[in-house]
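Heads up: the structure comes next, in structure tokens.
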Amino acid sequence: METTRRSGSHAERHGPHDWASETYVEEWVRRQQSEDAERAERFQLMCDLLPFPRDATVTILDVGAGYGPVSKFILDRYSHATCIAQDGSEPMLRHARALMASYGERFKIHRSDLFDKNWLPGEPGSFDAMVSSSCLHNLRDFTRISEIYREIRARLTPGGVFLNADLVNAPTAELDGRYADVTAARRQREGASPQSVEAMVREGRSAAVKTPGPFPATLDEQLAALRAAGFREVDCFWKDLRRALFGGYV
Ligand SMILES: C[S@@+](CC[C@H](N)C(=O)[O-])C[C@H]1O[C@@H](n2cnc3c(N)ncnc32)[C@H](O)[C@@H]1O
């Protein structure tokens with residue numbers, strides 16, 4: 003039987019998420035997997051931005067890998083690549099082990115808490131790329147996220163890249179409200195009930211008035227933090243309202 007809890011660790015405390023709970027993670031993975039086909043477009047863009055050929059022997063770190071969808075997407079396209087899936091949640095990593103069992107030595111797991119200064123695996127000394135999807139906003143601490151960017155930068159090989167698909171705040175409260183309206187209109191077209199759409203608009207509007215947004219930073223702040231960490235050729239490669247794929251090269 004594997005250990006399932008590290009009581010009180012940062013990796014367990016994520017506002018609405020309980021990554022240490024077997025049942026919560028089970029349900030979350032089931033829901034998320036139903037969106038993997040839609041996410042494939044972003045995963046493909048991540049692959050297309052990797053600065054090496056498809057047959058390169060490379061090692062890639064998947065930061066906050068969860069059940070391993072990004073690692074799986076990469077390993078299916080880069081036949082000589084190895085992915086190391088870093089995450090703090092044992093239930094999540096158990097799903098990853100099951101999903102990725104057939105990849106043998108090409109898929110490895112590294113369990114660590116991103117608030118721990120030694121969160122990176124000791125080996126290898128450097129990585130050809132690091133990727134992350136829907137993870138870092140969970141830390142809710144932009145100072146720590148900015149430090150992590152520096153830690154990532156220090157362990158990338160020259161010519162390597164860091165690509166981060168994550169949630170960002172709208173640049174202004176007004177745009178935040180506008181984005182809530184767009185999201186509600188989309189949900190309506192998908193068949194959500196008028197009551198739930200109205201509630202979504204109300205919630206979005208009041209959240210926008212109270213705060214600059216629920217996530218740690220805007221896209222501009224994220225890009226500035228990457229530049230400050232020493233990345234070059236920093237850009238946002240894709241964006242839809244509060245979801246973005248951004249990163250930089252070394
Ligand atoms: C929303 S899931 C994303 C999983 C996967 N990358 C994906 O795109 O489906 C966020 C992941 O970040 C991990 N995580 C959150 N905070 C963490 C922390 N402080 N240390 C390590 N992992 C953390 C969670 O355990 C979870 O697996």
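The sequence shown begins at 3 in my numbering and counts up by one. We treat Cβ as the ideally placed atom computed from N, Cα and C, and that holds for glycine.
Identity of the residue in V199, R96, N120 nearest R188 by Cα: Working through the sequence shown from its first residue, we reach residue 188 at position 186. Per the Cα distances, V199.
Distance between A194 and M102 (C-alpha atoms, nearest Å): The count along the sequence shown starts at 1 and reaches residue 102 at position 100. The count along the sequence shown starts at 1 and reaches residue 194 at position 192. Going from the Cα of M102 to the Cα of A194 covers about 34 angstroms.
Selected residue, minimal CA-CA separation from H19, among S91, G250, D38: Against the sequence shown, residue 19 aligns to sequence position 17. Nearest option by C-alpha distance: S91.
Cross-strand partners of R113 (DSSP beta bridge): Stepping through the sequence shown from its first residue, residue 113 is reached at position 111. According to DSSP, R113 bridges with D89.
Which of helix, strand or coil DSSP assigns to F144: Residue 144 sits at position 142 when you count from the first residue of the sequence shown. Correct three-state label for F144: helix.
Identified DSSP bridge partners for N166: Along the sequence shown, read from residue 1 onward, the residue named residue 166 stands at position 164. DSSP, once it has assigned bridges, lists S134, F248 as partnering N166.
Length at least 4, wholly inside the segment 20 to 83: the alpha helix (DSSP H) runs in chain order: 24 to 35, 38 to 51, 71 to 79
C-beta contact flag for I86 and K110 at 8 angstroms: The residue labelled residue 86 in the question sits at position 84 within the sequence shown. The residue labelled residue 110 in the question sits at position 108 within the sequence shown. Their beta carbons are under 8 angstroms apart, which means I86 touches K110 by this criterion.
Rounded C-alpha distance that separates D115 from P123: In the sequence shown, counting from the first residue as 1, residue 115 sits at position 113. In the sequence shown, counting from the first residue as 1, residue 123 sits at position 121. For D115 and P123, the distance between alpha carbons rounds to 11 angstroms.
When T185, M132, Y69, L95 are compared against T84, the one with the closest alpha-carbon: Taking the first residue of the sequence shown as position 1, residue 84 is located at position 82. For the residues T185, M132, Y69, L95, the minimum Cα distance to T84 belongs to M132.
V170 Cβ short of 7 angstroms to ligand 1 heavy atom set: Along the sequence shown, one-based indexing puts residue 170 at 168. Incorrect: V170 has no Cβ contact closer than 7 angstroms to ligand 1.
Neighbour-count burial assignment, V184, 16 or more Cβ in a 10 Å radius: Position 182 of the sequence shown, counted from the start, is the residue given in the question as residue 184. With a 10 Å radius around the Cβ and a threshold of 16 neighbouring Cβ atoms, V184 comes out exposed.
R234, enclosing beta strand (DSSP E) - first and last residue: Here residue 234 corresponds to residue number 232 of the sequence shown, with the count starting at 1. Run containing R234: 234 to 242, per the beta strand (DSSP E) assignment.
Supposed close pair G250, F164 - CB separation, criterion 8 angstroms: Locating residue 250 in the sequence shown gives position 248, where the first residue counts as 1. Locating residue 164 in the sequence shown gives position 162, where the first residue counts as 1. G250 to F164, Cβ: 6 angstroms. Contact.
Assumed close pair F217, N171 - CB separation to whole angstroms, cut-off 8 angstroms: Position 215 of the sequence shown holds residue 217. Position 169 of the sequence shown holds residue 171. Between N171 and F217 the Cβ distance is about 5 angstroms, and since that is below 8 angstroms, they are a contact.
Residues sharing a beta bridge with T185, DSSP: Sequence index remark: in the sequence shown, residue 185 carries index 183 (1-based). Answer is none; T185 lacks a bridge partner.
Option nearest V252 by Cα separation, candidates F54, E29, G162, G68: If you number the sequence shown from 1, residue 252 lands on position 250. Comparing Cα positions, the closest option is G162.
Own chain partners of L225 with C-beta closer than 7 angstroms, once the 5 adjacent residues on each side are dropped: One-based indexing of the sequence shown puts residue 225 at position 223. Hits under 7 angstroms: V236, C238, F248.
Endpoints, alpha helix (DSSP H) assigned at E223: Here residue 223 is taken as the residue at index 221 of the sequence shown, counted from 1. 221 to 230 is the span of the alpha helix (DSSP H), which, as asked, contains E223.
Distance cut-off 7 angstroms: P71 Cβ against heavy atoms of ligand 1: On the sequence shown, position 69 is the one that residue 71 refers to. At least one heavy atom of ligand 1 is nearer than 7 angstroms to the Cβ of P71, so yes.
Distance, H82 Cα to G106 Cα: Stepping through the sequence shown from its first residue, residue 106 is reached at position 104. Stepping through the sequence shown from its first residue, residue 82 is reached at position 80. For G106 and H82, the distance between alpha carbons rounds to 12 angstroms.
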